[in-house]
Amino acid sequence: MMLRITSAFKQVLVIIVKHRPFLALVCTISAMISGFLAPLAIWVNSQIIDLGLEVASHKLSFKNYIPYLILFGIILLMPQIITTIKTTYLEPATELIFSTSLKKDLIRQLEKMSYEHFENEQSLEIMDKTFNCLEESATHLFPNYFFRMIATTISLLGILFLFFDIRWWLPLTLLLPFFLDSYF
Numbered sequence: 024m025m026l027r028i029t030s031a032f033k034q035v036l037v038i039i040v041k042h043r044p045f046l047a048l049v050c051t052i053s054a055m056i057s058g059f060l061a062p063l064a065i066w067v068n069s070q071i072i073d074l075g076l077e078v079a080s081h082k083l084s085f086k087n088y089i090p091y092l093i094l095f096g097i098i099l100l101m102p103q104i105i106t107t108i109k110t111t112y113l114e115p116a117t118e119l120i121f122s123t124s125l126k127k128d129l130i131r132q133l134e135k136m137s138y139e140h141f142e143n144e145q146s147l148e149i150m151d152k153t154f155n156c157l158e159e160s161a162t163h164l165f166p167n168y169f170f171r172m173i174a175t176t177i178s179l180l181g182i183l184f185l186f187f188d189i190r191w192w193l194p195l196t197l198l199l200p201f202f203l204d205s206y207f
């Protein structure tokens, strides 16, 4: 099952990179930024609380505190910016690419079919449903699942790094039940 999913990802990425490589780059970079936001937000929130207490006790000037507040504001805005890029640029562009590319492949396949299939209403309905399902599945794979896979992996690694930074053994206690459940 995993090999089929990997193969489907590969086919979808080949189509995207072949037609618009910049689209794959934008999706990858925006997914990486989205993935970095979760651990960065955790770190900035802890810095704001810690440094806010120092500012309140007059151990730190407010001028040194401002960059963390600006970074906090940027982190709050970035998910909306990334979502806008994804919904207004990535998704429509990939739908267009898949629609044209898959229709071209479908026409090649239809050339091999006999004429009697085109006269049959049920055959045409099956072909139409197959094409629409294929196009919808491809659009889910590239911008959505691809984006989530990269963003989630980076977020998970970043949060595990933050836990590791607190105590070296903390990620092990978090991951141990997962490994025990998966392999035993």
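Positions in the sequence shown are counted from 1; adding 23 to them yields this note's numbering. Ideal Cβ positions, reconstructed from N, Cα and C, are used throughout, including at glycine.
What first and last residue would you give for the alpha helix (DSSP H) that runs through leucine 203? 193 to 206
Environment of isoleucine 120 [buried if 16+ CB atoms lie within 10 Å]: buried
Span of the alpha helix (DSSP H) around leucine 83: It is not in any alpha helix (DSSP H) - leucine 83 carries neither H nor E in the DSSP assignment.
Could you give the DSSP three-state label for methionine 172: helix, strand or coil? helix
Examine the Cβ distances between the stretch 94 to 108 and the stretch 122 to 132 and report whether three or more of them are shorter than 8 Å. Counting C-beta pairs closer than 8 Å gives fewer than three between the stretch 94 to 108 and the stretch 122 to 132, which falls short of the contact rule.
Buried or exposed: where does valine 35 fall if 16 or more other Cβ atoms within 10 Å of its Cβ makes it buried? Flag for valine 35 reads buried.
Of the choices Ile52, Ala116 and Ile89, whose alpha-carbon is the least far from that of isoleucine 39? Ala116
Going straight from the alpha carbon of valine 37 to that of serine 178, what length do you get? 26 Å
Stretch pair the stretch 154 to 167 + the stretch 105 to 115: three plus CB contacts closer than 8 Å: yes
Figure out for me which residue from Leu63, Ile89 and Pro62 has the closest Cα to the Cα of glycine 75. Ile89
Within a Cβ cutoff of 8 Å, which residues of the same chain sit near leucine 83, ignoring the five residues on either side of it in sequence? Leu74 and Glu77
Rounded to the nearest angstrom, what separates phenylalanine 186 and glutamate 148 at their Cα positions? Straight-line measurement puts the Cα of glutamate 148 at about 54 Å from the Cα of phenylalanine 186.
Please go through the same chain and pick out, in chain order, the residues whose beta-carbon is closer than 7 Å to the beta-carbon of isoleucine 56, but skip the five residues on each side of it. Met101 and Ile105
Take the Cβ of isoleucine 173 as the centre, count every other Cβ of all protein chains shown within 10 Å, and call the residue buried at 16 or more, exposed below. buried
To the nearest angstrom, report how far apart threonine 176 and leucine 199 are at their CA atoms. 18 Å
Taking the alpha-carbon positions, what's the glutamate 144 to leucine 197 distance? Spanning the alpha carbons of glutamate 144 and leucine 197 requires a straight line of approximately 56 Å.
Limits of the unbroken alpha helix (DSSP H) element including arginine 27: Here the alpha helix (DSSP H) through arginine 27 covers 25 to 42.
Measure from the alpha carbon of leucine 46 to the alpha carbon of each residue in Ala79, Asn87, Thr110 and Tyr206, then state which is nearest. Thr110
Quick check: the Cα distance between leucine 92 and leucine 157, rounded to an integer number of angstroms? 46 Å
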